[in-house]
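Numbering (the numbering used here), first residue to last: 126 to 440.
Even for Gly, the Cβ is constructed at its ideal location relative to N, Cα and C.
Report on one structure; see the data block that follows.
This is the structure:
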């Protein structure tokens, strides 16, 4: 015959064991739940990447007058620079208006400007005038970036008076990156309307998260030129193109450089004489260097010679 006390004790023990098992299961499930949250957060962080759209050459950036969420990269078409290319020299672009499309973005498009970027007021009507100048300019429309950051710097002075005051001297940005936060590296494409001919949209392969738009100098630098003639001329062309009054100077250049500076109206005759002399030099001892430059260019090597400041609309 079963002892009632023993029977009740067994029931209590069984009930206690069952309750303990339930508590352990509940705790395990709770622990599993708390472990999943960091995994999801970590996955979200891993899928957000920074992509940099880099511009080399005589570029300026201004808001799109017809779209507050877009900016325009603007550059004049000049004989002192080669044709614009994207990613590699094989993908050259004719003058026209192009649109760069990005995949899904994350984060605010704050368009923060690096303090070493030269800023100037660019009127919306000037931007529209540039867009209407067919065959004379390149325009790349992009979403407003997270930030404008420096890719390259060069020491110079810039201001609205000629020559710019020494107080304006700093390491101005000469090559700029527009930074975007995206969720994938797939989905970058370039479409557009060249001013002449047709253009097939490009799907851009982004592996090193960088897209390059480059306009290399048409000629290698003359080692006899101590005045940054190319930079002065390029900057002068850019400011006239934008209908703004700005000048650039280089603190280590000889003072005599002002006498033949293409930015200086009194130096026009000296500039013409300098060009004739340069043509003579390149036609003789510089011919070998010119052939070397051409070889480097056609093998896809960037010259990256221009040290004139990039301009971003502001102020």
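>> So for residue 439, helix, strand or coil by DSSP?
In response: As a first step, residue 439 is located in the chain shown; it is residue number 314 there, counting from the start. Coil at residue 439, not helix or strand.
> Between 295, 291, 232, which lies nearest to residue 278 when the distance is taken from Cα to Cα?
Replying inline: Locating residue 278 in the chain shown gives position 153, counting from the first residue. The shortest C-alpha separation from residue 278 is found at 295.
>> I'd like the list of long-range same chain contacts for residue 438, defined as Cβ closer than 6 Å, with 5 residues on each side in sequence excluded.
In response: One-based indexing of the chain shown puts residue 438 at position 313. The beta carbon of residue 438 sits closer than 6 Å to the beta carbons of 187, 247 from its chain, once the five residues preceding and following it are set aside; these are given in chain order.
> Under the DSSP definition of a beta bridge, which residues are partnered with residue 282?
Replying inline: For the purposes of this step, residue 282 is identified with residue 157 of the chain shown, where counting begins at 1. BP columns for residue 282 point to 374.
>> To the nearest angstrom, how far is the alpha carbon of residue 364 from that of residue 328?
In response: Locating residue 364 in the chain shown gives position 239, counting from the first residue. Locating residue 328 in the chain shown gives position 203, counting from the first residue. Taking the straight line from one Cα to the other gives about 33 Å.
> Hey, quick one: how far does the alpha helix (DSSP H) through residue 256 stretch, first residue to last?
Replying inline: Against the chain shown, residue 256 aligns to sequence position 131. Element bounds for residue 256: 249 to 257.
> Would the beta-carbon of residue 300 fall within 9 Å of that of residue 181?
Replying inline: Start at 1 with the first residue of the chain shown, and residue 300 comes out as number 175. Start at 1 with the first residue of the chain shown, and residue 181 comes out as number 56. Contact: yes.
> Could you check where the alpha helix (DSSP H) with residue 363 kicks off and where it finishes?
Replying inline: Within the chain shown, residue 363 is the residue found at index 238, counting from 1. 354 to 367 is the span of the alpha helix (DSSP H), which, as asked, contains residue 363.
> Between which two residues does the beta strand (DSSP E) harbouring residue 107 extend?
Replying inline: Lying before the first or after the last residue shown, residue 107 is absent from the chain, which here runs from 126 to 440.
>> I'd like the list of long-range same chain contacts for residue 272, defined as Cβ closer than 6 Å, with 5 residues on each side in sequence excluded.
In response: For this step, residue 272 is matched to residue 147 along the chain shown. Within the same chain, and ignoring the five residues on either side of residue 272 in sequence, the residues whose Cβ sits closer than 6 Å to its Cβ are 237, 304.
>> Can you check which of these residues, 266, 302, 213, 293, is closest to residue 194 by C-alpha distance?
In response: Taking the first residue of the chain shown as position 1, residue 194 is located at position 69. For residue 194, the nearest C-alpha among the options comes from 266.
> Taking DSSP as the reference, what is the three-state secondary structure of residue 189?
Replying inline: What you label residue 189 is simply residue 64 of the chain shown in a count that begins at 1. The answer is strand: DSSP assigns residue 189 an E or B state.
> So which of 177, 172, 173 has the shortest CA-CA distance to residue 334?
Replying inline: Residue numbering aside, residue 334 sits at position 209 when the chain shown is read from its first letter. When only C-alpha atoms are compared, the closest one is 177.
> Across which residues does DSSP place residue 263 in a beta bridge pair?
Replying inline: Position 138 of the chain shown holds residue 263. According to DSSP, residue 263 bridges with 200, 221.
> Would residue 264 pass as a contact of residue 222 if the rule is Cβ separation under 9 Å?
Replying inline: Within the chain shown, residue 264 is the residue found at index 139, counting from 1. Within the chain shown, residue 222 is the residue found at index 97, counting from 1. Yes, these two residues count as a Cβ contact at 9 Å.
> residue 357 and residue 384 look like a contact to me (Cβ under 8 Å); what is the Cβ gap, rounded to whole Å?
Replying inline: In the chain shown, residue 357 corresponds to position 232, counting from 1. In the chain shown, residue 384 corresponds to position 259, counting from 1. So it is not a contact: roughly 12 Å between Cβ atoms.
> Under 9 Å, do residue 228 and residue 173 count as touching if we go by C-beta distance?
Replying inline: To locate residue 228, count along the chain shown from 1; it is residue 103. To locate residue 173, count along the chain shown from 1; it is residue 48. In this structure, the beta-carbon distance from residue 228 to residue 173 does not fall below 9 Å.
>> Could you compute how far the alpha carbon of residue 209 sits from the alpha carbon of residue 352?
In response: Looking up residue 209 in the chain shown gives position 84. Looking up residue 352 in the chain shown gives position 227. Cα to Cα, the separation comes out at about 25 Å.
> Just the Cα atoms here: how many angstroms apart are residue 355 and residue 224?
Replying inline: For the purposes of this step, residue 355 is identified with residue 230 of the chain shown, where counting begins at 1. For the purposes of this step, residue 224 is identified with residue 99 of the chain shown, where counting begins at 1. Those two C-alpha atoms are separated by around 29 Å.
>> Assuming residue 256 and residue 283 are in contact, meaning their beta carbons sit under 8 Å apart, how far apart are those beta carbons, in whole angstroms?
In response: Within the chain shown, the letter at position 131 stands for residue 256. Within the chain shown, the letter at position 158 stands for residue 283. Going by Cβ atoms, the distance from residue 256 to residue 283 rounds to 25 Å, so no, they are not a contact pair.
> Considering only residues of the same chain and omitting the five flanking positions on each side of residue 416, which have a CB-CB separation below 8 Å?
Replying inline: Reading the chain shown from its first residue, position 291 is the one you call residue 416. Residue placement at residue 416 is flagged as unreliable, the pLDDT there being 34, under the threshold of 50; the coordinate-derived value follows with that caveat. Nothing listed; no residue qualifies.
> Per DSSP, residue 318 forms a beta bridge with which residues?
Replying inline: Here the question's residue 318 lines up with position 193 in the chain shown. According to DSSP, which records beta bridges pairwise, residue 318 is partnered with 222.
> Quick one: Cα of residue 432 to Cα of residue 276, how far?
Replying inline: The residue you call residue 432 lines up with position 307 of the chain shown. The residue you call residue 276 lines up with position 151 of the chain shown. In a straight line, the C-alpha of residue 432 is about 12 Å away from that of residue 276.
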